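*Asks:*
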Amino acid sequence: MKTLFCGVGEAFDENLPNTSILVRAKNNGATVMILLDCGFTAAPAYWRLVPDPLELDAVWISHLHGDHFLGLPQLLIRISEHGRSRPLQLGGGPDTFETVKKAMELAYPGKWDRLGFEIIFEQAYPGAMLQLAGVEAVALPVEHAVPCLGIKFISGGKTLFYSGDGRLQQDAWLELQGCDLAICEAFTLKGHTAGHNSAEQVASMVRTADIRQAALVHMQRGERRRHKDQLQSFLHKEQVQGFMPEPGEAVEI
Ligand SMILES: [Zn+2]
Numbered sequence: 003m004k005t006l007f008c009g010v011g012e013a014f015d016e017n018l019p020n021t022s023i024l025v026r027a028k029n030n031g032a033t034v035m036i037l038l039d040c041g042f043t044a045a046p047a048y049w050r051l052v053p054d055p056l057e058l059d060a061v062w063i064s065h066l067h068g069d070h071f072l073g074l075p076q077l078l079i080r081i082s083e084h085g086r087s088r089p090l091q092l093g094g095g096p097d098t099f100e101t102v103k104k105a106m107e108l109a110y111p112g113k114w115d116r117l118g119f120e121i122i123f124e125q126a127y128p129g130a131m132l133q134l135a136g137v138e139a140v141a142l143p144v145e146h147a148v149p150c151l152g153i154k155f156i157s158g159g160k161t162l163f164y165s166g167d168g169r170l171q172q173d174a175w176l177e178l179q180g181c182d183l184a185i186c187e188a189f190t191l192k193g194h195t196a197g198h199n200s201a202e203q204v205a206s207m208v209r210t211a212d213i214r215q216a217a218l219v220h221m222q223r224g225e226r227r228r229h230k231d232q233l234q235s236f237l238h239k240e241q242v243q244g245f246m247p248e249p250g251e252a253v254e255i
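Numbered according to the working numbering, the sequence shown terminates at residue 255, and the numbering increases by one at each position without gaps.
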């Protein structure tokens with residue numbers, strides 16, 4: 003699987019696009035593309051890096067905060083402008099489909115029915131398997147201010163996890179045993195913030211579940227400025243492999 007970090011920022015960062023990640027995986031030998039979250043500022047970041055928006059097969063929405071889903075009206079309309087006719091899959095928890103539809107109606111009234119392609123919703127349930135673009139995945143419960151689902155993809159003998167915002171419930175850590183890449187929110191470097199995760203807490207999960215590598219995203223803008231340069235030494239001290247990606251960075255597992 004290949005991972006491209008289109009955005010790595012939190013909701014209100016003036017420099018970094020909202021956290022949004024493109025995953026390329028194989029389905030029966032063919033490469034498929036799945037976009038993980040699409041917030042206010044994510045769609046232009048995706049367009050800058052992926053010249054052909056028609057290639058997208060599925061979008062996963064981890065939770066219904068604006069910095070994770072309110073870029074969808076832009077994304078969908080531009081896909082429509084490019085003349086897409088084949089369906090696009092949308093995955094997420096309950097309410098995702100109806101809320102995205104409402105957001106479209108607010109942003110561009112009447113456009114939903116004239117997109118020219120069908121949006122097929124795949125509802126996810128905590129702990130249950132699902133398929134996105136034909137790739138096997140499991141949705142996992144994450145503690146956040148609103149219901150949030152992490153997702154673990156399994157493809158080509160590798161596993162990749164994306165948390166969305168918050169901390170994966172501890173009883174689900176076993177699901178990440180030996181995971182090749184865990185992309186996790188780290189809102190702060192240390193400590194505990196209600197509804198969020200920290201680099202320190204991610205490190206604890208990485209050690210416990212023997213995760214190969216962690217990518218830390220969605221760090222609060224001030225925290226990121228203060229701690230970016232010390233992150234590698236911090237992770238080294240915590241005895242975990244990890245990094246804080248920049249937009250445009252790609253990782254293959
Ligand atoms: Zn959130």
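Beta carbons are placed, not taken as given, at the ideal position from N, Cα and C, and that holds for glycine. Since the model is a prediction, treat every value here as computed from it, not as a measurement.
Hey, which unbroken runs of the beta strand (DSSP E) at 3 residues or more fall wholly within the region 157-192?
*Replies:* Qualifying beta strand (DSSP E) stretches, in chain order: 160-164 and 183-187.
*Asks:* Determine the direct distance from the alpha carbon of residue 24 to that of residue 216, and round the result to whole angstroms.
*Replies:* Roughly 16 Å between the two C-alpha positions.
*Asks:* Closest to residue 67 by C-alpha separation, out of 228, 39 and 237, would be which residue?
*Replies:* Comparing Cα positions, the closest option is 39.
*Asks:* Can the beta-carbon of residue 42 be found closer than 8 Å to that of residue 20?
*Replies:* Yes.
*Asks:* On the premise that residue 139 lies in contact with residue 153, defined as a C-beta separation below 8 Å, what is that separation, rounded to the nearest angstrom?
*Replies:* That belief holds up - the Cβ atoms of residue 153 and residue 139 are roughly 5 Å apart, short of 8 Å.
*Asks:* In the DSSP assignment, find the unbroken alpha helix (DSSP H) run with residue 72 in it and report its ends.
*Replies:* Residue 72 -> no alpha helix (DSSP H), and no H or E assigned at all.
*Asks:* At 4 residues or longer, what runs of the alpha helix (DSSP H) sit wholly inside the region 193-236?
*Replies:* As far as the region 193-236 is concerned, its whole alpha helix (DSSP H) runs of at least 4 residues are 201-211 and 223-229.
*Asks:* Under a three-way DSSP split, which group does residue 26 fall into?
*Replies:* Three-state DSSP puts residue 26 in a strand.
*Asks:* Let me make sure I understand the geometry here. Which of 255, 60 and 190 has the alpha-carbon closest to that of residue 232?
*Replies:* Answer by Cα proximity: 190.
*Asks:* Roughly how many angstroms separate the alpha carbons of residue 69 and residue 32, rounded to a whole number?
*Replies:* Straight-line Cα distance between these residues: approximately 31 Å.
*Asks:* I'd like the span of the beta strand (DSSP E) that includes residue 140, first residue to last.
*Replies:* 137-145 is the extent of the beta strand (DSSP E) around residue 140.
*Asks:* Just mark residue 173 as buried or exposed, buried being the case when its beta carbon has 16 or more other beta carbons within 10 Å.
*Replies:* Result: exposed.
*Asks:* Is the separation between the beta-carbon of residue 246 and that of residue 207 shorter than 8 Å?
*Replies:* The answer is no: Cβ separation not under 8 Å.
*Asks:* Which residue's Cα is closest to the Cα of residue 250: 75, 4 and 9?
*Replies:* Selected option, being the one with the closest Cα: 9.
*Asks:* Near residue 115, which residues of its chain fall below 8 Å by C-beta distance, leaving aside the five closest residues on each side in sequence?
*Replies:* Contacts found: none.
*Asks:* Quick one, are the C-beta atoms of residue 170 and residue 144 less than 8 Å apart?
*Replies:* Taking 8 Å as the Cβ cut-off, residue 170 and residue 144 qualify as a contacting pair.
*Asks:* Is it buried or exposed for residue 199, if we count other Cβ within 10 angstroms and need 16 for buried?
*Replies:* By the neighbour-count rule (16 or more Cβ atoms within 10 Å), residue 199 is buried.
*Asks:* Can you give me the start and stop residues for the beta strand (DSSP E) that residue 62 sits inside?
*Replies:* That run of the beta strand (DSSP E) goes 60-63.
*Asks:* Per DSSP, which one or two residues make a beta bridge with residue 153?
*Replies:* In DSSP, residue 153 forms a bridge with 141 and 164.
*Asks:* What number of angstroms, rounded off, separates the C-alpha of residue 56 from the C-alpha of residue 81?
*Replies:* Their backbone Cα atoms lie some 6 Å apart in a straight line.
*Asks:* Please report how far the alpha carbon of residue 227 lies from the alpha carbon of residue 177, in whole angstroms.
*Replies:* Computed Cα separation, rounded: 32 Å.
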